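S.K.: In order, the protein sequences belong to chains S and F.
Under the working numbering, the first residue of the first sequence is numbered 5, with each subsequent residue one higher.
Under the working numbering, the first residue of the second sequence is numbered 4, with each subsequent residue one higher.
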Amino acid sequence: MNQSMRKENFAWKATAHIVLASLTVLTVLPFVLLISASVTEERSVIANGYSLIPPAFSLAAYEYILAEWGQIGRAYGVTVLVTVIGTTVSLLITSMFAFGLLQKGVPGLKVILILLLVTMLFNGGIVPTYYVYTRILQVRNTLFGLIVPNLLMNAFTVILVMAYIRHNVPAELFEAAEMDGANLFHIFFRIVAPLSTPILATVGLLTAITYWNDWINGLYYITKPELYTIQLLLNQINQNITFLASNASKLGNVDLRSLPSATIRMAIVVVAILPILLAYPFFQKYFAKGIALGAVKG
Amino acid sequence: MSSQSLVSSETTLLRKTAVARRRRNWSKITATYLLLLPGLVYLFFNNYLPMVGIVMAFKRIDFRLGIFGSPWNGLENFRFLFASGDAWIITRNTILYNVVFIVLGIVVGVSLAILMFELHEQKIARVYQTLILLPMLMSWVVVSYLVFALLSTETGFINKTILPLLGVNQPIAFYQEPKYWPFILVLANMWKGIGFGIIVYLSSILSINPEYFDAAKVDGASKWQQIRHITLPSLKPVVIIMVILNMSRMFYSDFGLFYQLPRNSGLLYDVTQTIDVYVYNALMTQNNFGMSAAAGLYQSIVGFILVIAANAAIKKISPEHALF
Numbered sequence: 005m006n007q008s009m010r011k012e013n014f015a016w017k018a019t020a021h022i023v024l025a026s027l028t029v030l031t032v033l034p035f036v037l038l039i040s041a042s043v044t045e046e047r048s049v050i051a052n053g054y055s056l057i058p059p060a061f062s063l064a065a066y067e068y069i070l071a072e073w074g075q076i077g078r079a080y081g082v083t084v085l086v087t088v089i090g091t092t093v094s095l096l097i098t099s100m101f102a103f104g105l106l107q108k109g110v111p112g113l114k115v116i117l118i119l120l121l122v123t124m125l126f127n128g129g130i131v132p133t134y135y136v137y138t139r140i141l142q143v144r145n146t147l148f149g150l151i152v153p154n155l156l157m158n159a160f161t162v163i164l165v166m167a168y169i170r171h172n173v174p175a176e177l178f179e180a181a182e183m184d185g186a187n188l189f190h191i192f193f194r195i196v197a198p199l200s201t202p203i204l205a206t207v208g209l210l211t212a213i214t215y216w217n218d219w220i221n222g223l224y225y226i227t228k229p230e231l232y233t234i235q236l237l238l239n240q241i242n243q244n245i246t247f248l249a250s251n252a253s254k255l256g257n258v259d260l261r262s263l264p265s266a267t268i269r270m271a272i273v274v275v276a277i278l279p280i281l282l283a284y285p286f287f288q289k290y291f292a293k294g295i296a297l298g299a300v301k302g
Numbered sequence: 004m005s006s007q008s009l010v011s012s013e014t015t016l017l018r019k020t021a022v023a024r025r026r027r028n029w030s031k032i033t034a035t036y037l038l039l040l041p042g043l044v045y046l047f048f049n050n051y052l053p054m055v056g057i058v059m060a061f062k063r064i065d066f067r068l069g070i071f072g073s074p075w076n077g078l079e080n081f082r083f084l085f086a087s088g089d090a091w092i093i094t095r096n097t098i099l100y101n102v103v104f105i106v107l108g109i110v111v112g113v114s115l116a117i118l119m120f121e122l123h124e125q126k127i128a129r130v131y132q133t134l135i136l137l138p139m140l141m142s143w144v145v146v147s148y149l150v151f152a153l154l155s156t157e158t159g160f161i162n163k164t165i166l167p168l169l170g171v172n173q174p175i176a177f178y179q180e181p182k183y184w185p186f187i188l189v190l191a192n193m194w195k196g197i198g199f200g201i202i203v204y205l206s207s208i209l210s211i212n213p214e215y216f217d218a219a220k221v222d223g224a225s226k227w228q229q230i231r232h233i234t235l236p237s238l239k240p241v242v243i244i245m246v247i248l249n250m251s252r253m254f255y256s257d258f259g260l261f262y263q264l265p266r267n268s269g270l271l272y273d274v275t276q277t278i279d280v281y282v283y284n285a286l287m288t289q290n291n292f293g294m295s296a297a298a299g300l301y302q303s304i305v306g307f308i309l310v311i312a313a314n315a316a317i318k319k320i321s322p323e324h325a326l327f
């Protein structure tokens, strides 16, 4: 490598570092602002706004959350419950469906595959879906309302799992077991599912993140505060603030103290994203792989 | 044993195994359908029943009568939607934002992926990538709080810290000023989504045979020439696929982005309301089932046409990526 090329290489690497490092800082900055806001003294926020380094440190917001853990803790519990049940059931239905579709010599599977693919092309839209779930299935204000609509199974994940089984689980393996008279469920749970752990883990991770972060189902189907997830609780606080702000003149003297203060709000957000922030270093490799996988065929 | 009885016992044996196989085949069919059953039930309720419900767009919905008992009113819902002028605004917003997202997503995503590739063997590159990907894990509700911390008139970082530093003492009421929102929404979308783009394009660059770069270096090609003649041409297929896939979603928008960030503020609707937000508002705040169903059907049909067109385009350019 000659002198000029070395110089050029250095210039490129330096540019890359400068651009990516500043981008990384810009990406992280809002999180710093959030965390700093949650540990700033309320009075300081009202006087000087949110800042990157707390001018006056205080844990009052977190003390408040601990004292009022009833509602927030409950929302937390609902979130965990929905995430665990949703992810488990979703993985089960999706992988069973994928394995079922891969069977040979069973009539009708082609039609079912087409029925599955059609859902990627056309959907009835929000309004009829809302009607089906509220009027026919009556999921309003139940855990089902948070778990079932739109999130349990989708064609795209089924196809991902199918492709993985087809390429990575040798067909001879379960055909041999079939010859020995083992039934399909046995083969599925004992042979196919264990051998598909990598794809199930990836899909499970993405599904779990989706459930943890979902607020749209709640927006449509939940009005009872007891069933709020942490995301819904945050959404509700937002709406209450917007409502009061736009109606302050009509309502006259609004007691703004009834709202979570500027710092408490941010502290609740920190509490909501804490599990993801803490777990992220451990799952980031799988997460990056998962979305790359999704992109290839997505 | 006579040879005849031997033959007959063999045929009975054959017959027996045939019966057993048929029985096993039936049990296999049953088992297969049992595996499929939960998913089929789900598809029925979650996807197919709502497709039937599309008739709502052509009815004046009266809940005491149910969907099918409600009287037909032809295209009245659609006439109302298009006459109001809302249809034009929400269509324009949905499409324009999508165009900007697609173009910026590719230009910025590819550029950053190329820069990331320069560093990819270094540990620090992993740190950059990990942190740039972090916003993808946040819900739009959470992002709306982050944006509020930046933009709030009373306590926002920009109004309280940045503007005074720049010598501007008049705070900007972002949540009441439509003119800032196209920029805010585009920036927020980039902030949340660019990590995904980088990963997609970087994984494509990493799959280029390194010998090409080595050969180019031996020939004395500059970095810039390598990018122009090796990297960019190799990225062409993945870029085309991303464009086409995004074009097939052109009539859909990320509900969270457009609903949460502007806090559903009516003052900003002109530049923030997309079809999805409109359908939500018509349904949940105005309880206008007929019109929101009409808007939803309008979206589904145009969306469907776009998917078909996009698929035809993929088929022409890179058949192995076609959906059907």
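Virtual Cβ for every residue (Gly too), placed ideally from N, Cα, C.
Being a predicted model, the structure only gives us computed values, none of them experimental.
Strictly under 8 Å for the Cβ-Cβ distance: is PHE14 of chain S near chain F by that measure?
M.R.: no
S.K.: Can you pull the chain S residues whose beta carbon is under 9 Å from the beta carbon of ALA219 of chain F, in chain order?
M.R.: None at all; the shortest Cβ gap to chain S is about 11 Å.
S.K.: Excluding the five sequence neighbours on either side, which residues of its own chain have a C-beta within less than 6 Å of the C-beta of LEU236 of chain S, listed in chain order?
M.R.: TRP219, GLY222
S.K.: Kindly list the residues whose CB is nearer than 7 Å to the CB of GLN229 of chain F, restricted to its own chain and excluding five residues on each side of it in sequence; keep chain order.
M.R.: PHE216, ALA219
S.K.: Starting from LYS163 of chain F, trace the alpha helix (DSSP H) both ways and give me its first and last residue.
M.R.: Element bounds for LYS163 of chain F: n/a, residue is neither H nor E.
S.K.: In whole angstroms, what is the alpha-carbon distance linking ASN52 of chain S and MET193 of chain F?
M.R.: When only Cα atoms are considered, ASN52 of chain S and MET193 of chain F end up about 29 Å apart.
S.K.: Taking the C-alpha atoms as reference points, what is the distance between VAL49 of chain S and ALA41 of chain S?
M.R.: 8 Å
S.K.: Taking one C-beta from the stretch 83-98 of chain F and one from the stretch 158-167 of chain S each time, how about it: are there three or more such pairs within less than 8 Å?
M.R.: no
S.K.: Return the chain-ordered list of same chain residues with a C-beta closer than 6 Å to the C-beta of GLN302 of chain F, the five sequence neighbours on each side being excluded.
M.R.: PHE254, ILE278
S.K.: Give me the Cα-Cα distance between SER200 of chain S and PHE199 of chain F, rounded to the nearest whole angstrom.
M.R.: 25 Å
S.K.: Can you tell which of F:VAL102, F:ILE243, F:VAL280 has the C-alpha that lies nearest to the C-alpha of SER295 of chain F?
M.R.: For SER295 of chain F, the closest of F:VAL102, F:ILE243, F:VAL280 by C-alpha to C-alpha distance is F:VAL280.
S.K.: Give the residues of chain S in contact with LYS226 of chain F, contact being defined as C-beta atoms less than 8 Å apart.
M.R.: GLU12, ASN13, TRP16
S.K.: Mind listing the chain S neighbours of TRP91 of chain F? Cutoff is C-beta to C-beta under 9 Å, in chain order.
M.R.: Simply none; closest approach about 20 Å.
S.K.: Here's the rule I'm using: 16 or more other beta-carbon atoms within 10 Å means buried, otherwise exposed. How should ALA292 of chain S be labelled?
M.R.: buried
S.K.: Would you kindly work out how many angstroms separate the C-alpha atoms of TRP216 of chain S and THR87 of chain S, rounded to a whole number?
M.R.: 6 Å
S.K.: Which residue spans inside the stretch 65-102 of chain S form an unbroken beta strand (DSSP E) run of at least 3?
M.R.: none
S.K.: Which residues, taken in chain order from the stretch 305-320 of chain F, show a beta carbon closer than 7 Å to some beta carbon of chain S?
M.R.: Taking 7 Å as the cut-off between beta carbons, the residues of the stretch 305-320 of chain F near chain S are PHE307, VAL310, in sequence order.
S.K.: Give the residues from the stretch 44-61 of chain F that approach chain S closer than 7 Å (Cβ to any Cβ), ordered along the chain.
M.R.: Listed by position along the chain: TYR45, LEU46, PHE48, ASN49, ASN50, LEU52, PRO53, MET54, GLY56, ILE57, MET59.
S.K.: What does the alpha-carbon distance come out to for the pair ARG10 of chain S and LYS17 of chain S?
M.R.: 11 Å
S.K.: Quick one: what's LYS239 of chain F bridged to in DSSP?
M.R.: BP columns for LYS239 of chain F are empty, so no partner.
S.K.: With 8 Å set as the bound, which would you pick, yes or no: does the beta-carbon of VAL136 of chain S sit closer than that to a beta-carbon of chain F?
M.R.: yes
S.K.: Return no unless some Cβ of chain S is closer than 8 Å to the Cβ of TYR215 of chain F.
M.R.: Chain S, which has no Cβ nearer than 8 Å to the Cβ of TYR215 of chain F, makes this no.
S.K.: Assuming contact is defined by CB atoms lying nearer than 8 Å, are LEU260 of chain F and PRO181 of chain F in contact in what I supplied?
M.R.: no
S.K.: For the candidate residues F:PRO167, F:PHE85, F:PHE66, whose alpha-carbon lies nearest to that of GLY299 of chain F?
M.R.: F:PHE85
S.K.: On the three-state DSSP scale, how would you describe TRP75 of chain F?
M.R.: strand
S.K.: Reducing DSSP to helix, strand and coil, say where LYS228 of chain S ends up.
M.R.: coil
S.K.: Between PRO59 of chain S and chain F, is the shortest Cβ-Cβ distance under 8 Å, so that the two count as touching?
M.R.: no
S.K.: Pull up the CB-CB distance for SER31 of chain S and LEU137 of chain F, whole angstroms please, since I reckon it's below 8 Å.
M.R.: One detail in the question is off: residue 31 of chain S reads as Thr in this sequence, not Ser. About 7 Å; that satisfies the 8 Å criterion.
S.K.: By the 7 Å beta-carbon criterion, what residues does the stretch 140-166 of chain F contribute toward chain S?
M.R.: LEU140, MET141, SER142, VAL144, VAL145, SER147, TYR148, LEU149, ALA152, LEU153, THR158, GLY159, PHE160, ASN162, LYS163, THR164
S.K.: Across which residues does DSSP place PHE61 of chain S in a beta bridge pair?
M.R.: S:THR44
S.K.: Which stretch, first to last residue, makes up the alpha helix (DSSP H) that contains GLU182 of chain S?
M.R.: 175-183
S.K.: Could you check if ASN28 of chain F is buried or exposed, using at least 16 other CB atoms within 10 Å of its CB as the buried criterion?
M.R.: exposed
S.K.: Relative to chain S, which residues along the stretch 63-75 of chain F have a C-beta separation below 9 Å, given in chain order?
M.R.: ILE64, PHE66, GLY69, ILE70
S.K.: Cβ closer than 8 Å: which chain F residues qualify as neighbours of ILE50 of chain S?
M.R.: Those within 8 Å of ILE50 of chain S in chain F are GLU157, THR158.
S.K.: Mind checking whether LEU248 of chain F and ALA313 of chain F have CB atoms under 8 Å apart?
M.R.: Cβ atoms of LEU248 of chain F and ALA313 of chain F: closer than 8 Å.
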